Amino acid sequence: MQEIVEANKYVELTYKVIDQRSGQVLTMVEFPLGYVHGVNTILSPPVMTALEGKSVGDVIEVPIDCNEIYGPRDESLVITDLIQNVPKEYREVGTAILMENDRGQTKSFLVTRIDAKSITIDGNNPLCGREVIFKLEITTVRDATDEEIVVGGKVEAGPIVDAGLSIHEVTQ
Numbered sequence: 001m002q003e004i005v006e007a008n009k010y011v012e013l014t015y016k017v018i019d020q021r022s023g024q025v026l027t028m029v030e031f032p033l034g035y036v037h038g039v040n041t042i043l044s045p046p047v048m049t050a051l052e053g054k055s056v057g058d059v060i061e062v063p064i065d066c067n068e069i070y071g072p073r074d075e076s077l078v079i080t081d082l083i084q085n086v087p088k089e090y091r092e093v094g095t096a097i098l099m100e101n102d103r104g105q106t107k108s109f110l111v112t113r114i115d116a117k118s119i120t121i122d123g124n125n126p127l128c129g130r131e132v133i134f135k136l137e138i139t140t141v142r143d144a145t146d147e148e149i150v151v152g153g154k155v156e157a158g159p160i161v162d163a164g165l166s167i168h169e170v171t172q
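Per UniProt numbering, the sequence shown starts with residue 1, numbered consecutively.
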């Protein structure tokens, strides 16, 4: 009997986010993404709900109106400035810039356009204002270990270092 996605199951999946209007793949996860269902919410709630009851090999498509998740586009979050006012390390399309307002609140902006004289950054989520389809393929479903339930995902074995030893003692 195949195990199904439900609370406290370790799940791995791959997915694509497809723009409903254009059919363009906006983002893709090729290597399985793992989590403990019901403990770690890695995707939007409608996607997590749609995964429940599914099993290995299932491919599902979940339509999402991103306005419901991120709200409508806010054009006041799109800023164009002279390129000379922006440090060189931020002058590449796709670069994320963490900005802080006068109240100490931070927001991530993405460089979306550059030309010879100006640069445009956008503080809207890239999916904002879009209707997309999450196409997911479930690759693993199994009981999560107690440790995985605590951390919400797979626990990788790593080197064990005795905390009582110094770095010098460990390397000799």
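Think of the CB as a built atom: it goes at the ideal place given N, C-alpha and C, for glycine as much as any other residue. Model, not experiment: these values are computed from the prediction.
Residues near residue i in its chain [Cβ-Cβ closer than 8 Å; skip 5 each side]
i, result
"Ala24", "The residue asked about is misnamed: residue 24 is Gln in this sequence, not Ala. For Gln24, where only same-chain residues beyond five positions count, the Cβ hits under 8 Å are Ile18."
"Pro72", "Cys128 and Gly129"
"Leu33", "Glu12, Leu13, Thr14, Tyr15 and Ile42"
"residue 173", "Since the first residue of the chain shown is 1 and the last is 172, residue 173 is not available in this structure."
"Gln20", "Pro63, Arg130, Glu131, Val132 and Ile133"
Integer-rounded CB distance, given that residue j should sit under 8 Å from residue i
i, j, result
"Ile138", "Val39", "Not really, about 17 Å apart at Cβ, beyond 8 Å."
"Ile119", "Asp81", "6 Å"
"Glu148", "Val36", "5 Å"
Per-residue burial, residue i [other beta carbons within 10 Å of its own, 16 or more giving buried]
i, result
"Ala144", "buried"
"Lys88", "exposed"
"Asn124", "buried"
"Phe31", "exposed"
"Leu98", "exposed"
"Gln172", "Low confidence applies to Gln172: its pLDDT is 40, below 50, so where it sits in the model is not reliable, and the reading given next is rough at best. When all chains shown are included, Gln172 counts as exposed."
"Gly53", "exposed"
"Gly104", "exposed"
"Gly153", "buried"
Start and end residues, beta strand (DSSP E) containing residue i
i, result
"Asp74", "Looking at the DSSP string, Asp74 is not in any beta strand (DSSP E), and its letter there is neither H nor E."
"Met99", "Ala96 to Glu100"
"Thr80", "Val78 to Leu82"
Terminal residues of the alpha helix (DSSP H) in which residue i lies
i, result
"Val36", "No alpha helix (DSSP H) holds Val36; the beta strand (DSSP E) holding it covers Val25 to Val36."
"Gly51", "Going by the sequence as given, residue 51 is Leu instead of Gly. Counting along the chain, the alpha helix (DSSP H) containing Leu51 begins and ends at Pro45 to Leu51."
Paired residues, beta bridge with residue i - DSSP
i, result
"Arg142", "Tyr10"
"Ser113", "Inspection of the sequence shows that residue 113 is occupied by Arg rather than by Ser. Per DSSP, Thr120."
"Lys135", "Lys16 and Glu61"
"Lys107", "Met99"
"Ile4", "Ser55"
Beta-carbon contacts of residue i that lie in its chain and below 7 Å, excluding the five residues immediately before and after
i, result
"Val141", "Glu3, Ile4, Val5, Lys9, Val11, Ser55 and Val56"
"Asp122", "Leu77, Val78, Phe109, Leu110 and Thr112"
"Glu92", "Val111"
"Ala50", "Ile60 and Val62"
"Lys117", "Leu82 and Ile83"
"Asp58", "Ile138"
6 Å CB neighbourhood of residue i in its chain, flanking five on each side removed
i, result
"Leu136", "Leu13, Tyr15 and Ile60"
"Val29", "Thr14 and Tyr15"
"Thr95", "Val111"
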